[in-house]
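Working notes, beginning with the structure itself.
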Amino acid sequence: MENKGGFRGFLGFFVVVGVIFLIVYMMNNNSTTRDVSYNVLDFKADVEKGIITDVGIFPSENVPMGEVRISFKGVDGQTVFFVSDINEIEEIVQGDSKLCEKYEVHAIKKDNLSSTMLLIGVIAIAVILIVFIMTSMSQARAMSGGSNSKILDFGKNRAIKIEPGDEGAKTFADVAGLHEEKEELAEVVDFLKAPEKFTSVGARIPKGMILVGPPGTGKTLLAKAVAGEAGVPFFSLSGSDFVEMFVGVGASRVRSLFSDAKKSAPCIVFIDEIDAVARRRGSGLGGGHDEREQTLNQLLVEMDGFSVNEGIIVMAATNRVDILDNAILRPGRFDRRIGVGRPDVRGREEILEVHSKGKPLSDDVDLKKVARSTVGFTGADLENLMNEAAIACAKEQRKFITFEDISKSFIKVGVGTEKRSRIVSERDKKITAYHESGHAILFHLLPEVGPVHMVSIIPTGEGAAGYTMPIDEKDDMFTTRNQMFQEIMVDLGGRIAESIIFDDITTGASQDIKQATRTARDMVTKFGFSDVIGMVNYADEEEVFVGRDYGHTSKAYSADTASNIDAEVKKIIDYCYDEAKRILDENMEILHKSAALLLERERITREEFEALFDAE
Ligand code: ADP
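Residue -11 is where the sequence shown starts when you use the numbering used here, and the numbers rise one by one after that.
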């Protein structure tokens, strides 16, 4: 809307300017032709030929130069040319008495018409320009709610403020699961409600806390709920809002944010994606990050500036606590850290309940079952899932959301949209069917992994040819050695099935191989599962941050150790490969049946898949 309006405004402006130019031009020109190649000699010749009917001489002031306008016999309009000495023209015209009779010579003073018109044009354009700028500025101000005009208040913060009782205000009741996190934050709520209780016994409440966890796990929601519970205003903005191209803008926005917050204290200031400003200083490629460093310094200055119990609590969220500047985590700044992880089964069920409020569910919907099959989903994913299901239901004009609606949405939200329309060759389909069946059979038969929730050979929108989705029925905290072995076997199962059935193998298993290798390497270098390597951690830092670690690729262990690690990793993979191949060889009939069923139906459920084993 905004862009379109702006574009139209610009277009209008140019049209008006164009029209003015045209008018000025036409008035000024009045069908005259300027002819730079026409000169006195041509004029003389034409006069002698008698084809010129009218001559007008317009001398310039103080100099002999001037403009001459002439009309030709039988031709509309005038031709204009310049001469360096108008006397020459007068001589030609007046010198010959015969010719003189035919011509009218108005040797008038320079005509100021053209310059007057030009002046009017310029003034008109200037006036229009001023009016245009003023209207667009007032529009911008109106659009950004009065005081936060982007044009006028570049250095002002762009925080969104939620007052208690506003529509966006939340309470702990809106936050499902996250029980420990809420308990920890209840203390902050208490402080904001009744600070005297704490100050009277000399307690210090942290000024800043940092919420760490993947996107969509409810960090913003928690911070909002703290403000809502305490009944204080909530200022929120994202770290990237501070960062602009121009040095100094970020720092000035930080200043403005805290000055606003102080006026509304007690309050909560929430900075999402704090890593955008608080990344370790001096890091990143290319040096000079003056702007970000200034912004971070200003943030630290502000946080140190207000006293402990002033009533401003700064909450920040990030997914990457490892790249934050240590200065920000020091006592008196963001010294309290709260981890907000992906929800477990119970958490997921509670979140589903929150988000199915106001959505009539049919009797066949068992949220427990949905929760069980949504391992790894965040709160935001689950909300999205229920919303998609409601949309699917509404499309078919049904009154109740069915399990089928949720199942369909599950694929959409969890694995990316299925694309039935993409043409897949029969050969590819067959390979994928055997590949996925290989994974699925191992998932089913190996006790520490699986069971299978769904097997599909419909390509997902994200490049996977198919998928085998397990259900994680256990929310175990630890992964055992056996489990890791079996995970590797499952990863390799796809490729093994391909190699058993087809003489050739495909490139489709690269992700599986990568995953299997990573697991095996972690077993050796991180978890001490290898007797040869022992309980020594040789794992490289997982996420190498470009810049900080740039050029520091030397390993802290010898080449011997490195080759031992490689040998151990290979041993694990080889063992898993043989073991998985043995299992698949023994279940060849099921492999064929499963692949055939997949080819027929394209997608099979747990029940359909498990029935293949019962028929044995
Ligand atoms: P984050 O800040 O961690 O990226 P948000 O707080 O913005 O995540 O969560 C996005 C949305 O997901 C929320 O608006 C909410 O609808 C839903 N959500 C996430 N976690 C929960 C939860 N624990 N309970 C209820 N809804 C949740």
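Virtual Cβ for every residue (Gly too), placed ideally from N, Cα, C.
As the structure is a computational prediction, the values presented were derived from the model and not from experiment.
CB of residue i within 8 Å of CB of residue j, strictly
i	j	result
Ser425	Ala485	yes
Leu291	Gly196	The amino acid at residue 291 is misidentified as Leu; the sequence shows Met. Cβ atoms of Met291 and Gly196: closer than 8 Å.
Ala378	Lys345	no
Ser224	Phe258	yes
Leu284	Arg321	no
Val214	Val265	no
Gly219	Pro152	yes
Val43	Val56	yes
Ile256	Ile301	yes
Ile58	Thr67	yes
Thr456	Val443	yes
Pro254	Gly299	yes
Asp323	Leu317	yes
Ala508	Ile561	yes
Ile445	Lys417	yes
Val572	Gly481	The sequence shown places Leu at residue 572, rather than the Val named in the question. Cβ atoms of Leu572 and Gly481: closer than 8 Å.
Val342	Asp369	no
Glu384	Lys356	no
Exposure of residue i, with buried meaning 16 or more beta-carbon neighbours within 10 Å
i	result
Gly329	exposed
Asp260	buried
Ala221	Reading off the sequence, residue 221 comes out as Pro, not Ala. Burial call: buried.
Arg469	exposed
Thr420	buried
Glu217	buried
Leu373	buried
His167	exposed
Ile592	buried
Leu10	exposed
Asn575	buried
Phe160	buried
Val163	buried
Val520	exposed
Gly65	exposed
Thr306	buried
Tyr422	buried
Residue i CB to nearest heavy atom of the ligand GDP below 7 Å
i	result
Ile339	The model on display carries the ligand ADP but not the ligand GDP.
Reduced DSSP secondary structure (H/G/I, E/B, other) of residue i
i	result
Phe431	helix
Leu600	helix
Lys407	Confidence at Lys407 is low in this model, with a pLDDT of 41, below 50, so its placement is unreliable and the value that follows should be read with caution. Here Lys407 sits in coil by DSSP.
Ala305	strand
Gln609	Residue numbering for the chain in the displayed model covers -11 to 604; residue 609 lies beyond these limits and cannot be assessed.
Gly6	helix
Ile262	coil
Ser188	coil
Pro183	helix
Gly44	strand
Arg591	strand
Glu620	With the chain running from -11 to 604 in the structure shown, residue 620 is simply not present.
Arg509	helix
Arg415	helix
Val220	coil
Phe517	coil
Arg57	strand
Arg280	helix
Lys558	helix
Met457	strand
Val68	strand
Leu210	helix
Glu425	Checking the sequence, you will find Ser at residue 425 rather than Glu. DSSP places Ser425 in helix when its eight states are reduced to three.
Any non-hydrogen atom of the ligand ADP closer than 7 Å to residue i Cβ
i	result
Gly204	yes
Leu355	no
Leu373	no
Thr208	yes
Leu166	yes
Ala305	yes
Gly219	no
Ala161	no
Gly367	yes
Gly201	yes
Val401	no
Val257	no
Val342	yes
Below-8 Å beta-carbon distance, residue i vs any chain C residue
i	result
Asp479	Protein chain content of the structure displayed is limited to a single chain, and chain C is not contained in it.
- Message: I'd like the ranges of any alpha helix (DSSP H) spanning at least 4 consecutive residues and lying wholly in the stretch 310 to 352.
- Response: 333 to 343
- Which whole runs of the beta strand (DSSP E) in the stretch 459 to 496 are 3 residues long or more, in chain order? none
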